[in-house]
Amino acid sequence: MYEYYLAIVLIPLAAAIVAGLAGHKIGRAGAHWVTILAVGISFALSVVVLGNMFWGGAETENISVYTWAVTDGLRMEVGFLVDRLTALMMVVVTFVSFMVHIYTVGYMADDPGYQRFFSYISLFTFSMLMLVMSNNFLQLFFGWEAVGLVSYLLIGFWFKRETAIFANLKAFIVNRVGDFGFILGIAAVVMFAGSLDYATVFGHAQLVAGQSIEVLPGTPWNAMTVTCILLFIGAMGKSAQAPLHVWLPDSMAGPTPISALIHAATMVTAGIFMVARMSPLFELSETALAVVIVIGAITAFFTGLLGIVQNDIKRVVAYSTLSQLGYMTVALGASAYSAAIFHLMTHAFFKALLFLAAGSVIIAMHHEQDIRKMGGVRKYMPITYWTALIGSLALIGFPGSSGFFSKDLLIEAVKESHWHGQGAVYWIAYLSVLLGVFVTALYSFRMFFLVFHGEERMSADVKSHLHETPAVVTVPLILLAIPSTTCWRAWARPGTAASDS
0 MYEYYLAIVL IPLAAAIVAG LAGHKIGRAG AHWVTILAVG ISFALSVVVL GNMFWGGAET
60 ENISVYTWAV TDGLRMEVGF LVDRLTALMM VVVTFVSFMV HIYTVGYMAD DPGYQRFFSY
120 ISLFTFSMLM LVMSNNFLQL FFGWEAVGLV SYLLIGFWFK RETAIFANLK AFIVNRVGDF
180 GFILGIAAVV MFAGSLDYAT VFGHAQLVAG QSIEVLPGTP WNAMTVTCIL LFIGAMGKSA
240 QAPLHVWLPD SMAGPTPISA LIHAATMVTA GIFMVARMSP LFELSETALA VVIVIGAITA
300 FFTGLLGIVQ NDIKRVVAYS TLSQLGYMTV ALGASAYSAA IFHLMTHAFF KALLFLAAGS
360 VIIAMHHEQD IRKMGGVRKY MPITYWTALI GSLALIGFPG SSGFFSKDLL IEAVKESHWH
420 GQGAVYWIAY LSVLLGVFVT ALYSFRMFFL VFHGEERMSA DVKSHLHETP AVVTVPLILL
480 AIPSTTCWRA WARPGTAASD S
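For what it's worth, numbering that gives the first Met the number 0 labels the leading residue of the sequence shown as 0, then goes sequentially.
Have a look at this one:
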């Protein structure tokens, strides 16, 4: 069966190599066709895996594909752990990536780096799949660093722009800070559990929790607490939690398709996934969970407030990503792992939709991004208008939207969590996610009404050319709007993907 999983992972890698190294030979059409087909195949195969896991009665598979080295009994392997959590993440990653690939054909049509861009985003998909499908910390770290490297290349894709160079350097350096903690966390896992394999480490978790380590001389710390906090520092960098959130708004210097890919399905969700996957470890440290929930609460509320004062259409959506990542982190700290992953899934769809809708507006406005210079766009771009409205309603958690079911479940999970009645930690977390709902509605519809309603504030030249974007741009918007509106009540029941992590 591992050949099946290898195909899901390696087909996008092969397409990235072809588009990157032979792009000048196969041309622009060849580059987009080979990568779109590759990611489309991975998506179709991932749907089969998801179907087998949820409705076909398939069992969790832990497969070792290749042993790279064995040093003093420490095995370094390439392998796959495929359970419900993995299957769900595979579908989310490949579906959003598939939509972004199609959208890119229209958005990057006139860019001289066309083939290079398709190579990068296909490589991004491969990296994220390696991360979510890993069954050991070594492969997890490989995927972790690979998505960081490709994001560096994509944020600075327009490398002749000074803003892009500063943005990708900022992203790279801030993530190195987080990754320093992450690799120390992995080292702690090896030191205390003696293995890189998830199953072995989880099996030794109780033994690790009974040990201590002196971070400072004379001050013993619980080994599990230190390990989990170090791992979470890595998640703070990747998933942009305060104070390591500063790189994410600046990542808007890259092309809009990669903004959608980074914010919706790859990189920033890697930290959330990692903590959910490591839940058997985090559950043994109350202190680590307290750190997680407080950091998430601060990020959820205060980055939402920053979104209110932004005027760049992409930065508004970027700050909403920061806030929603904070929501997911709060759920993780409340031990509501299924709620966190449920919101990750719905957020991937409606956030990709919002970014691509923003990109559609930017294309039509001749790359103008200031919402104060827009207005009245509704009558010129009806498809973009309605899909952006659907995405905005899902973001604020409007009843009936996908965001309503996931966000409502998340808030209730925090309210009824083990932190209930335990003083400051509970009230910081609960009030942050509750008040954050109103903040989200404020900045979301401030942007929506300034762009699509009211007085037309664009120049006469822009207005004369303003029209709906082509089908290659609007079809992905429509396809992403479907899961943003579908009723997800069934997915909110206990026993879904994340609860098996």
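Every residue, glycine too, gets a C-beta built ideally from N, C-alpha and C. Just so you know, these numbers come straight off a predicted model, no measurement behind them.
By the neighbour-count criterion, in which 16 or more other beta carbons inside 10 Å mark a residue as buried, residue 481 falls on the exposed side.
Contact between residue 359 and residue 473 is confirmed by a C-beta separation of about 7 Å, below the 8 Å threshold. For secondary structure counted as the alpha helix (DSSP H) over 4 or more consecutive residues, the region 294-344 holds these complete runs in sequence order: 312-332.
Taking a 10 Å sphere around the C-beta of residue 463, we find fewer than 16 other C-beta atoms and assign the residue as exposed. Here residue 261 really is in contact with residue 150; their C-beta atoms are around 6 Å apart, less than 8 Å. In the three-state DSSP reduction, residue 135 falls in the strand class (E or B). Segment contact: the region 182-199 against the region 219-229, three or more CB-CB distances shorter than 8 Å; contact assigned. Per the DSSP secondary-structure output, residue 197 pairs with nothing in a beta bridge. When only Cα atoms are considered, residue 344 and residue 216 end up about 44 Å apart. In the DSSP annotation of this structure, the continuous segment of the alpha helix (DSSP H) that includes residue 2 starts and ends at 1-20. Beta-bridge partners assigned by DSSP to residue 61: 80. Excluding the 5 residues flanking it on each side, residue 299 has same chain C-beta neighbours closer than 7 Å at 322, 325, 326, 329, 431, 432, 435, in chain order. A distance below 7 Å between beta-carbons, with the five flanking residues on each side excluded, links residue 176 to the following residues of its chain, in chain order: 236, 243.
Secondary-structure assignment with DSSP links residue 219 through a beta bridge to 213.
Here residue 393 is buried. Its C-beta has 16 or more other C-beta atoms within 10 Å. In the structure shown, residue 67 adopts extended strand secondary structure according to DSSP, grouped into three states.
No Cβ-Cβ contact shorter than 8 Å links residue 397 with residue 479.
As computed with DSSP, residue 460 is found in no beta bridge at all. Leaving aside the five residues that flank residue 166 on each side, the residues in its chain whose CB is nearer than 8 Å to its CB run, in chain order, 154, 155, 246, 249, 250, 251, 252, 253. Closest in C-alpha terms to residue 290, from the list 428, 113, 115, 390, comes 428. Residue 459 sits exposed, since fewer than 16 C-beta atoms from the chains shown fall within 10 Å of its C-beta. Put simply, the backbone Cα of residue 51 is about 11 Å away from that of residue 87. Residue 449 is a Cβ neighbour of residue 373, given a cutoff of 8 Å. Using a Cβ-Cβ distance cut-off of 8 Å, the region 110-128 and the region 7-25 are in contact, since at least three pairs of beta carbons, one from each stretch, lie closer than that value. Using a Cβ-Cβ distance cut-off of 8 Å, the region 267-284 and the region 297-314 are not in contact, since fewer than three pairs of beta carbons, one from each stretch, lie closer than that value. Residue 74 has 69 as its beta-bridge partners, per DSSP.
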